[in-house]
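Worksheet for the structure shown next.
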Amino acid sequence: MLNSTSCRIVLTILLVVSVLAGCNKKDHTKGAPKDTLFRMVNPKENGINFANQLQETDTSNSIFYEYYYNGSGLAMGDVNNDGLSDIFFGANMTKSRLYLNKGNLIFSDITDEARINTSGKWVTGVSMVDINQDGWLDIYVSVGGNVSDDYHNQLYISSGDKDNLVFTECASLTGLDDNGYSTQANFFDYDRDGDLDMYLVTSSMKIPNKNTIRMRKNDGSVANTDRLYRNDGIDPETKIPVFHNVSREAGIVWDGFGLGSCACDINMDGWPDIYVCNDYISNDLLYVNQQNGTFKEMIKSYTKHTSYSTMGMDVADFNNDGLTDIFTLDMQPEDYYRKRIMAGNMRDERRYRNELEAGYSPQYIRNMLQMNNGEIEGQYRFSETGQLAGVFETDWSWAPLFADFDNDGFKDLFIGNGIPYDMTNMDFSELWIKTIKANPAIEFSVLYQMLKRDLIKKGNVKKPNVIFRNSGDLVFENKTSEWGLNQPLYSTGSAFSDLDNDGDLDLVLNNINDLASVYENTLIRKDSVNRNNHFLAIQLTGDSLNKGGIGAKITLFYDKKQQYYEHFPIRGFQSMVDPKIHFGLGEVTQIDSLYIWWPDGKEQFLYNIKSDRIVTIRYQMASFRKKPRLIPINNKLFARQSDKTNIKFKHKERQFIDFDIQPLVPHQYSLEGPGIAVGDVNSDGMDDFFIGGSTSFSGMIFTQGESGTFSSYTLPGLNNYEDMGALLFDADGDGDNDLYVVSGGSGLPPGNAFYADRLYINDGKGQFSMSRNALPDELVCGSQVTAADFDKDGDLDLFVCGRVDLENYPIPPRSFLLRNDSKGSDIRFTDITASVSKDLEKPGLVASALWTDFNSDGWSDLIIAGEWMPITFFKNDRGKLINVTSSTGLDKYTGWWNSIAAGDFDKDGDIDYAAGNLGLNTQYKVSQSEPMRIIAKDFDLNGSFDPVCSYYVQGKSYPIYHRNILLSQIPSLKNKYKTYEDYAKASIDDIFPENTLKDAYIRDCRFFESAWIENLGNSTFRIHPLPLEAQVSPVFGMLPGDYDSDGNCDLLLTGNSFSSNIYTGQYDASIGLYLQGDGKGGFSPFPGRESGFFVDGDAKALSGLTLKDGSSLILAALNSDSLKVIKPLRLSQKSIRLKNDDVSAEITYKNGDKEYLEFYYGIGYLSQSSRVCPVPEGVVSVIFTTYTGKSRKILINNQ
15 MLNSTSCRIV LTILLVVSVL AGCNKKDHTK GAPKDTLFRM VNPKENGINF ANQLQETDTS
75 NSIFYEYYYN GSGLAMGDVN NDGLSDIFFG ANMTKSRLYL NKGNLIFSDI TDEARINTSG
135 KWVTGVSMVD INQDGWLDIY VSVGGNVSDD YHNQLYISSG DKDNLVFTEC ASLTGLDDNG
195 YSTQANFFDY DRDGDLDMYL VTSSMKIPNK NTIRMRKNDG SVANTDRLYR NDGIDPETKI
255 PVFHNVSREA GIVWDGFGLG SCACDINMDG WPDIYVCNDY ISNDLLYVNQ QNGTFKEMIK
315 SYTKHTSYST MGMDVADFNN DGLTDIFTLD MQPEDYYRKR IMAGNMRDER RYRNELEAGY
375 SPQYIRNMLQ MNNGEIEGQY RFSETGQLAG VFETDWSWAP LFADFDNDGF KDLFIGNGIP
435 YDMTNMDFSE LWIKTIKANP AIEFSVLYQM LKRDLIKKGN VKKPNVIFRN SGDLVFENKT
495 SEWGLNQPLY STGSAFSDLD NDGDLDLVLN NINDLASVYE NTLIRKDSVN RNNHFLAIQL
555 TGDSLNKGGI GAKITLFYDK KQQYYEHFPI RGFQSMVDPK IHFGLGEVTQ IDSLYIWWPD
615 GKEQFLYNIK SDRIVTIRYQ MASFRKKPRL IPINNKLFAR QSDKTNIKFK HKERQFIDFD
675 IQPLVPHQYS LEGPGIAVGD VNSDGMDDFF IGGSTSFSGM IFTQGESGTF SSYTLPGLNN
735 YEDMGALLFD ADGDGDNDLY VVSGGSGLPP GNAFYADRLY INDGKGQFSM SRNALPDELV
795 CGSQVTAADF DKDGDLDLFV CGRVDLENYP IPPRSFLLRN DSKGSDIRFT DITASVSKDL
855 EKPGLVASAL WTDFNSDGWS DLIIAGEWMP ITFFKNDRGK LINVTSSTGL DKYTGWWNSI
915 AAGDFDKDGD IDYAAGNLGL NTQYKVSQSE PMRIIAKDFD LNGSFDPVCS YYVQGKSYPI
975 YHRNILLSQI PSLKNKYKTY EDYAKASIDD IFPENTLKDA YIRDCRFFES AWIENLGNST
1035 FRIHPLPLEA QVSPVFGMLP GDYDSDGNCD LLLTGNSFSS NIYTGQYDAS IGLYLQGDGK
1095 GGFSPFPGRE SGFFVDGDAK ALSGLTLKDG SSLILAALNS DSLKVIKPLR LSQKSIRLKN
1155 DDVSAEITYK NGDKEYLEFY YGIGYLSQSS RVCPVPEGVV SVIFTTYTGK SRKILINNQ
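Just so you know, we're using the numbering used here here: the sequence shown kicks off at 15 and counts up by one.
Written out as C-alpha cells, the structure reads:
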C-alpha cells in the first residue's frame, strides 16, 4: 500500500512515471551541418563509451524519486599533470568513469586501475580539487538518491604517481562524508585563512509537499539546509586536511532544495560570497560574506525577482563592464504547446500573493539573467534582463555555461537541457490525481503500470541543447543549429575545456541514456592561420595552501576594453569546468596589461602579452601593494538629496487586484500613481509641489522655505480618491496657482462618484478648497491633465486623459477637452471635446498628453500617448483639433505608450519628442508583421466583455493566457478544449475564427521600444529607438534637460511596472537612466554607478523643481514607496521664471547660435515641472512668446 509520505509526494508534486529505457547508442554525429563551429566527435574516435544509463522498473522510477532524471555531472582537470585535461563522468545507476586525455581528442578509461568505485552510489555532483595541496587533483563525489539510499559522499585522493595513478577513498578521514543528500560541492577559501573550505549544496527527498507555502526556516534545523565545512588544517597523522561543519555558526541556516551554487565576489569586497539555486518554492539564496567567518542571506537586497524552480547557474561578466553577472535556469519552454501543458505555469494570482506575504521573493518560471549594476548608494544591485537578452526560455534546462566559444572577446552561453518525460504535464497530472482518488490503497507498482501507457503518449523532452552567441550589446543570438549542436539529447552535466590545446574551447556533455558527447571546437584549425579569433590561456600556480589559485581575479586591458574573470571552476549544474582559464580576444594580438588579485590580497601586473599562448602566472611573483591615499573625485552628475530637504513622503496603496474583476487584462490599472505637480502655491516666488495620494491616503503639499528645506501639509477634503495626474495653474485668473487633480485607479465600479476629478481653488496663501461646480461630470478613470491656451483667448484650457474602463476593457473611456470659461470668481470649465474634435472623445487608453506646436505655426497642437494605439497627433487648426496621425509617418507604430516629453534633441531648431513604451525586456516580442493583438466582445453572450490578447510564438499567433485563465472568463470554451493538450494546440484563429469576430473591437501593438521622435518638418516624423539600456523596463518618467551643461539636451528616464500578472512577472529592471545627448539625436547611456542618477522601484512621475538659489531638485515618485529627491550637480543655476502665458522662447548665444525652447503645463507621465527658462553660459538674449503671440525680449548680462 502507499505509505503516508509517498502519498503526500504524489498529491503535491504531481510527478509522473517514466518507461523502461535502454541506453540509446544512436550515432548523433551523422546528419549534422558541415562546416559548423562544433563537430560532434564519434565515440569510436575518442574512446569514450560512457553513458549515464537509467533503467526504470516498477519500483525504481520518478514516482518514488522525483529527482530521478536530474542526471549526473562531470568534472574536467589535468589529473596526471601531463598538460591535457581529463574527464570524470558521474553516474547514477552505473559506475562513474575517469578518462585520461591522450591527446588529439582520444581518451582512455582508467577507472578500474585508478581504483575508483562508485557502485551503489547515486552520484549527483562532481568536483576536482587538490584537497591536500600536493599538486595533484583529487575527486569529490556528491551523492543523492531515493529516501532509502546511502547518501554518504566520497572523496578520492590521488596517489600523485603519474606512472601508477590510483585514488584512495578518504571522505570519512577528512570529515567530508556528509550523508544529507548532496547536489554539489564547491571548494574555496571563504574565511581567507589560506586553505580551501567546502560549501555543500543540499536537498532532501524526505520533506513532503515541497511546494507548500510555509514559514521559511532560518535556524539551520531543517534537513534541506546547505552545509559549510571549514578546513581546519592538515592532520599530522593522515597528512590530509580535516573539515568541520560550521554551518550554523557561519549563518548558513536557510532551508531550500539546492540544485546548484556558484562562489563569486558579488560585492567586490575581496571576500567570496555564495549564490545558491533552489528548486520548488524555496527562494534562491545569496549568502554575502561578512568578513568575520559568517554570512548574511541578502537575495532580496541584491535582486528584484528570481527563477522559481532554479536548476543550474553560472556567474560571469557577460557584458565586459568589470562586474560579475548571474544566470539561472528554469523550465520555461520556447514553443507554445509546451508552455501551455506545464503544471508550473498554473500558479494563480492569489497563490502568488500568498507567497509574497509568507516572505518569499517574487519568483517566475523562466531563466534569469541578472545584470550587475554595480555599487550605488552603498549597495550592489542587479537588473534582470533575460527577456531582453533573448535567453529566458530554453525548456527543461540544467546547465548554463558562459564561455567565449568563438574567441571574439565576448562570453557566449551554452545551455544543456532535456528530460526523458515531462513530469509537469497537466493532463497527466489530472489523470494521476483521478487515479489516486479512485484507488486510494493502490500499490505503486500497479499505479505505475496503469499510468505508463498514457505517459508514453505524452512524449519526451528530448531536444537539442542551446548555444547563444554574445552579440556584445546585451543581446544573445541563438546559434544552436549554425554551430552544430542540433542533436536531440538529455544533457545534464556540462563542462568546457580546450581538450586539444589548440586555442578554442571544446564541450563535453554527460547525457542520460545516451553516450557522453564530446564536441570539438573547429574555430582554430592546426592547418590554418589564426587571424581574427585570437586567445589567451592562463594557468595559475598558487601558494602552498591553494595551488590552483581558487578565488583569484583577473582583468585584461586592451584597445580601451576589458575582460574580467573570477576563478571559481564549479559552475553550471553538478559539474566543474577546466581550471585552465581561457580568454577570447578577437582581432587583438597583444594584451596591454593583465592584472591579477590573489585570494590573500596580493597583486600582480603583467604587460604587453602576446596572444595565442598559454601563460603561467605564479603567486610567488605577486606582492602586497601599498594603496596610495587618493582624494576622491566626484564626477557624478546627480546626488541623492532627500535628507537635506526634509522632503519625506511615502506613497501607499490599499490592495486591489484588477484580475479578480477582469482576469484577461494584461496588467492592472490600480497601481499607476502617484503624480507630481510643481508650482508656487503660496505666492512667495518659490516653487512648491503637490504629490498625489491614493484611496484612504491623502496627497501632500510641500512648500519651499528660504533655506531650501520644505514643510508639508495634507490636501484638505475626503481621501477616498485615487490621485493620478495633477496640475498647478491659474484657473481663475487671480494670479495664484490652483490645483487640478485627476481621479483614477480601477478599484471602483464604473460611474462611481470618486472617479470625479477635483479642482482646488487657492486663496493665494497655499490654502485650498474644492470647487464643487467648476467641472463637468467626469466619472472616468483618468490619468494625466495638461494645460494650454489652445484657443488663444487668454486663459488656460485643459486636456484630461481618459485611462481605462476596467469592466469594458479595452474600449476607450471618455477623454475631455475643457475650455476655461471662468469669469472672476465664477469658475467654470466646459466640455467642448465633441465640437472641437470627435476623434478626441475616445482616442484610446490614454496615459499621457502634451500640448506642443509640432508644426511651428504658432498654435498649440496636442500629442497623446496610450495603449494599443500609436503616438497620436492632433493639429490645432485655429481652435479645431484635427487628427493627422496617418500622415505623420508614425501611424504604424502602435504600442503600450506611457509617456511623452519634448526637446530639440538634434539641435535643428524644431521640437523633437521622446516617448516611453513597454520596452524589450518582455516575453511579448512584436513587429510590424507579428503584432500583439487584442480582440474584445461578449463572445459567450453572458453580458460581460471578453478582452483576449494574443501574441506570436514561432510564427503563429496564440492567446497569452493559460487554459484555466481564458476558460474562467469564457466558460463556453470548456466544451471545445476539454484537455490542456487540446488548448495548447489551438491558435488564436482556431479559438476565435473569423466568423466570430463580427463587431469585435480589435487593436494591436507593433512596436514596444521606447524612442525619440525626430521632427522632420511639415508635420512628419521619424522614430528612433533609444539605446538598449533604455529598453530594460517600461518607461514612465521622462525629463529632458542639459544635465552636463555641454549645450545638448539630455534625457532622464524612470520606470518599471509592478502591475503585471503572474505569468508575465513584474517589470522591475530599471534603476533610472541618464542618457547623454550629443546634439545630433544620439544618446549615450550612463549607468547609475557613474552618473549618480538612481531611481529604483515602481517609478511613475518625474519632475524638476527650481530652488530659490537657482539650483534644482528632481522629484521621482514611486508607487507604494518613498518619494526620491535627487540633486543635479552640473545643471545651469541661472534661469528666468516664466509668466503664466509664456509658451516658447528663442535664445541667442554670443556666437550667434540660436536655440528654440517650449514651455509646458505638464510633461512626461503624470508630471509637471518648474516653469523656468534655463539660461546657459554664453546667452545674450531671450525672446519669450505667449500663447496669444505676444513677445518680449530680455537681454542677459554675462559679466
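We treat Cβ as the ideally placed atom computed from N, Cα and C, and that holds for glycine.
Pull up the CB-CB distance for residue i and residue j, whole angstroms please, since I reckon it's below 8 Å.
| i | j | result |
| --- | --- | --- |
| Ile355 | Ala745 | Not confirmed; about 58 Å, so no contact. |
| Leu685 | Phe52 | Their Cβ separation, rounded to whole angstroms, is 47 Å, which puts Leu685 and Phe52 out of contact at 8 Å. |
| Asn935 | Gln401 | 5 Å |
| Ala264 | Leu242 | 5 Å |
| Phe428 | Asn479 | 7 Å |
| Asn63 | Pro57 | 6 Å |
| Asp557 | Tyr633 | 5 Å |
Closest by CA to residue i, which one among the options?
| i | options | result |
| --- | --- | --- |
| Gly91 | Ile1076, Leu114 and Lys231 | Leu114 |
| Lys640 | Asp335, Lys616 and Glu491 | Lys616 |
| Gly1111 | Trp150, Ser315 and Gly158 | Ser315 |
| Lys658 | Tyr394, Leu1040 and Ser725 | Ser725 |
| Pro399 | Thr320, Met325, Gln669 and Ala455 | Per the sequence shown, the amino acid found at residue 399 is Thr instead of Pro. Closest by alpha carbon: Thr320. |
| Pro1099 | Thr1120, Phe1050 and Val1046 | Val1046 |
| Asn525 | Gln501, Asn547, Ile538 and Asp518 | Gln501 |
| Asp362 | Leu831, Tyr621, Ile671 and Gly923 | Ile671 |
| Leu908 | Ser971, Ile984 and Ile1037 | The identity of residue 908 in the sequence shown is Thr, whereas the question assumes Leu. Looking at the Cα atoms, Ile1037 is the closest of the given residues. |
| Thr7 | Asn648, Ser637 and Leu608 | The requested residue 7 does not occur in the structure, where the chain is confined to residues 15 to 1213. |
| Asp518 | Asp809, Lys220 and Tyr533 | Tyr533 |
| Asn106 | Lys135, Glu127 and Leu88 | Lys135 |
| Ala1131 | Ile1076, Phe1050, Leu119 and Phe102 | Phe1050 |
| Gly761 | Arg772, Ile1177, Tyr735 and Gly731 | Tyr735 |
| Asp694 | Ile974, Leu1121, Thr197 and Tyr1201 | Leu1121 |
| Val302 | Met327, Ser697, Ile254 and Tyr394 | Tyr394 |
| Lys476 | Ala452, Trp412 and Trp497 | Trp412 |
Since residue i is in the beta strand (DSSP E), which residue starts that stretch and which ends it?
| i | result |
| --- | --- |
| Ala509 | Ser505 to Ser511 |
| Val692 | Ile690 to Gly693 |
| Asp996 | Element bounds for Asp996: not the beta strand (DSSP E) but the alpha helix (DSSP H), Tyr994 to Ala998. |
| Val1194 | Val1193 to Thr1200 |
| Asn431 | Asp426 to Asn431 |
| Asn387 | Met382 to Ile390 |
What first and last residue would you give for the alpha helix (DSSP H) that runs through residue i?
| i | result |
| --- | --- |
| Ala417 | Careful: Ala417 lies outside any alpha helix (DSSP H), inside the beta strand (DSSP E) at Ser411 to Ala417. |
| Asp441 | Met440 to Ala452 |
| Leu955 | No alpha helix (DSSP H) contains Leu955, which DSSP labels as neither H nor E. |
| Val602 | Val602 -> no alpha helix (DSSP H), and no H or E assigned at all. |
| Gly400 | Gly400 to Ala403 |
Nearer than 7 Å: is that true of the beta carbon of residue i relative to any heavy atom of the ligand SAH?
| i | result |
| --- | --- |
| Glu580 | Looking at this structure, you won't find the ligand SAH or any other ligand, since it has none at all. |
(message) Using a Cβ distance threshold of 8 Å, determine whether the segment 267-274 contacts the segment 283-294, with at least three qualifying pairs required.
(response) yes
(message) Pairs of beta-carbons, one from the segment 453-472 and one from the segment 1011-1028, closer than 8 Å: are there three or more?
(response) no
(request) Please list the segments of the alpha helix (DSSP H) lying wholly inside the segment 811-895, counting only runs of 4 or more residues, in order along the chain. (result) 847-850
(request) Would you list, in sequence order, the uninterrupted alpha helix (DSSP H) runs of no fewer than 4 residues that lie entirely inside the segment 167-234? (result) 185-188
(request) Would you be able to state if there are at least three C-beta pairs under 8 Å between the segment 1181-1196 and the segment 1154-1172? (result) yes
(message) Three or more C-beta pairs under 8 Å: does that hold for the segment 811-825 against the segment 787-798?
(response) yes
(request) Only counting runs of 4 or more residues, tell me where the alpha helix (DSSP H) segments fall wholly within the segment 517-561, in order along the chain. (result) none
(message) Is it the case that the segment 674-685 contacts the segment 713-725, given that we only count it when at least three CB pairs across the two stretches are under 8 Å?
(response) no
(message) I want to know whether the segment 895-914 touches the segment 1166-1181 - three or more CB-CB distances under 8 Å.
(response) yes
(message) Using 8 Å as the cut-off, can you tell me whether the segment 648-657 makes contact with the segment 1128-1147, which would need three or more C-beta pairs spanning the two stretches below that distance?
(response) yes
(request) For the segment 999-1008 and the segment 360-380, state whether three or more C-beta atom pairs, one from each stretch, are separated by less than 8 Å. (result) no
(message) Count Cβ pairs between the segment 849-867 and the segment 767-780 that sit closer than 8 Å; are there 3 or more?
(response) no
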